[in-house]
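Numbering (this note's numbering), first residue to last: 932 to 1244. Presented below is the structure to which this report refers.
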């Protein structure tokens, strides 16, 4: 009632948000805090020029949603929430702290189909790409934005193809910048996989993207999620182009075949990783010349996977 009565007074809204934030640590307060999400975003929208309310409001929403996730509580956020967050991004496009908070929020809410659809409606992708270009050094921003891109590109209700295609060079730049950061690389690989599935890569993208994905595998072989994402992205590229297949087996830093052999030995007890390695090998065997090359290498275990995959087809 207080927030509704004094909706136009910035100081009153800020004090209300701070008061709500004091209850966040009490897990039993979550059901009550969830009822305030719309009021918090309304305060942010009303006072969009106030950086303090934007930061405090986003921090509180992030705490509430994080607790809901921990407690397996499904949170339904309407279009007003996503549009409010986007207005905040556009009003404070140079504030790195706020953008990091907002992008993390967008990644969390984009996991649901309804929220992803709302993000499509408000046209969030150009804003995300602009943020990535300006803050390519920021690991959290890159991780979050690539997560949102994956959610939107992987969905059946796709956004404009031209907009998705413009995400390819930016996502590749993220991967190149953060190859040694496993979490960011995982997110970037998943985004590239989704973009390749939507046929967003041009012929000129095939070879450099394949090389980047191989570098990601080469530098982070111990991370199962990364291996899964990279293998799926590579499989998609090999399905699209022989150029990718040639780069895969003849990369100047070492053959991709050796990389997936090593990945298999590291993760042979993880069914999902093995399945995705199988998917990649199954794409390789579509190229006769590639298969000749495969058979010339000492790949005892991976060859068994190939046979299993072929029989499944």
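Just so you know, even glycine gets a beta-carbon here, dropped at the ideal spot from N, CA and C. Computed from a predicted model, the values in this text were never measured in an experiment.
**Asked** Counting only runs that start and end within the segment 1002-1072, where is the alpha helix (DSSP H) found for 4 or more residues in a row?
**Response** 1010-1022, 1027-1040, 1044-1052, 1056-1065
**Exposure label - residue 896; buried when at least 16 CB within 10 Å** = In the structure displayed, the chain extends from 932 to 1244; residue 896 sits before or after that span and is not available.
**Item:** Under 9 Å between C-beta atoms of residue 1014 and residue 1047
**Value:** One-based indexing of the chain shown puts residue 1014 at position 83. One-based indexing of the chain shown puts residue 1047 at position 116. Contact flag unset, no.
**Item:** Cutoff 6 Å; reference residue 999; Cβ partners in own chain excluding five residues on either side
**Value:** As a position in the chain shown, residue 999 is number 68, starting the count at 1. 1006.
**Prompt:** If you compare alpha carbons, which of 989, 1128, 982 is closest to residue 970?
**Reply:** Numbered from its first residue, the chain shown carries residue 970 at position 39. Nearest of 989, 1128, 982 to residue 970, Cα basis: 989.
**Message:** Please report the distance separating the alpha-carbon of residue 1160 from that of residue 1053.
**Reply:** The count along the chain shown starts at 1 and reaches residue 1160 at position 229. The count along the chain shown starts at 1 and reaches residue 1053 at position 122. The alpha-carbon atoms of residue 1160 and residue 1053 are separated by roughly 28 Å.
**Prompt:** Short check: CB of residue 1248 to CB of residue 1131, under 9 Å?
**Reply:** Examination of residue 1248 is not possible in this model, given that the chain is present from 932 through 1244 alone.
**Request:** Flag this pair as touching only if the segment 1200-1208 and the segment 1169-1183 have three or more C-beta atom pairs under 8 Å; answer yes or no.
**Result:** no
**Asked** What first and last residue would you give for the alpha helix (DSSP H) that runs through residue 1101?
**Response** For the purposes of this step, residue 1101 is identified with residue 170 of the chain shown, where counting begins at 1. Segment 1098-1108, the alpha helix (DSSP H) holding residue 1101.
**Request:** Please state if the CB of residue 1083 and the CB of residue 1103 are separated by a distance shorter than 9 Å.
**Result:** For this step, residue 1103 is matched to residue 172 along the chain shown. For this step, residue 1083 is matched to residue 152 along the chain shown. No, these two residues do not count as a Cβ contact at 9 Å.
**Asked** If you run the structure through DSSP and keep just helix, strand and coil, what is residue 1229?
**Response** By one-based count along the chain shown, residue 1229 stands at place 298. Low confidence applies here, because residue 1229 scores a pLDDT of 49, under 50, leaving its location unreliable and the question unanswered by this model.
**Prompt:** Relative to the alpha-carbon of residue 1205, which residue among 1192, 1216, 1217 has its alpha-carbon at the smallest distance?
**Reply:** Locating residue 1205 in the chain shown gives position 274, where the first residue counts as 1. Of the candidates 1192, 1216, 1217, the one whose C-alpha sits nearest the C-alpha of residue 1205 is 1192.
**Neighbourhood of residue 1145 by C-beta, 6 Å cutoff - its chain only, sequence neighbours within 5 removed** = Along the chain shown, read from residue 1 onward, the residue named residue 1145 stands at position 214. Result list for residue 1145: 1182, 1187, in chain order.
**Asked** For residue 1214, is the classification buried or exposed, using 16 other Cβ atoms within 10 angstroms of its Cβ as the cut-off for buried?
**Response** Here residue 1214 corresponds to residue number 283 of the chain shown, with the count starting at 1. Burial call: buried.
**Request:** Pair every Cβ in the segment 977-991 with every Cβ in the segment 945-963, then say whether three or more of these pairs are closer than 8 Å.
**Result:** yes
**Prompt:** Looking at residue 995 and residue 964, is the spacing between their C-beta atoms short of 9 Å?
**Reply:** Against the chain shown, residue 964 aligns to sequence position 33. Against the chain shown, residue 995 aligns to sequence position 64. Yes, Cβ-Cβ distance for residue 964 and residue 995 is below 9 Å.
**Item:** Residues near residue 1069 in its chain [Cβ-Cβ closer than 7 Å; skip 5 each side]
**Value:** Taking the chain shown and counting its residues from 1, the one referred to as residue 1069 is at position 138. Same-chain partners within the cutoff: 1027, 1031.
**Prompt:** For residue 1035, which residues from the same chain have a beta carbon less than 8 Å from its beta carbon, with the 5 sequence-adjacent residues on both sides left out?
**Reply:** Taking the first residue of the chain shown as 1, we reach residue 1035 at position 104. Closer than 8 Å at Cβ, skipping near neighbours: 993, 1071, 1075.
**Request:** Just mark residue 1093 as buried or exposed, buried being the case when its beta carbon has 16 or more other beta carbons within 10 Å.
**Result:** One-based indexing of the chain shown puts residue 1093 at position 162. The residue is exposed, with fewer than 16 neighbouring Cβ atoms inside 10 Å.
**Item:** Secondary structure of residue 978, DSSP reduced to three states
**Value:** Counting from one through the chain shown, the residue named residue 978 turns up at place 47. Reduced to three states, the DSSP call for residue 978 is coil.
**Item:** Three-state class that DSSP yields for residue 1217 in the structure shown
**Value:** Position 286 of the chain shown, counting from 1, holds the residue named residue 1217. In the structure shown, residue 1217 sits in coil (DSSP, three-state: anything other than H, G, I, E or B).
**Item:** Minimum C-alpha distance to residue 1067 - residue among 1041, 1096, 1106, 1038
**Value:** Within the chain shown, the letter at position 136 stands for residue 1067. Checked all of 1041, 1096, 1106, 1038; the closest Cα to residue 1067 is 1106.
**Request:** Using alpha carbons as the reference points, say which of 977, 1040, 1098, 1010 lies closest to residue 1004.
**Result:** What you label residue 1004 is simply residue 73 of the chain shown in a count that begins at 1. Among 977, 1040, 1098, 1010, the Cα nearest to that of residue 1004 is on 1040.
**Request:** Could you tell me the distance, in whole angstroms, from the CA atom of residue 982 to the CA atom of residue 1062?
**Result:** Here residue 982 corresponds to residue number 51 of the chain shown, with the count starting at 1. Here residue 1062 corresponds to residue number 131 of the chain shown, with the count starting at 1. Their Cα atoms are separated by approximately 17 Å.
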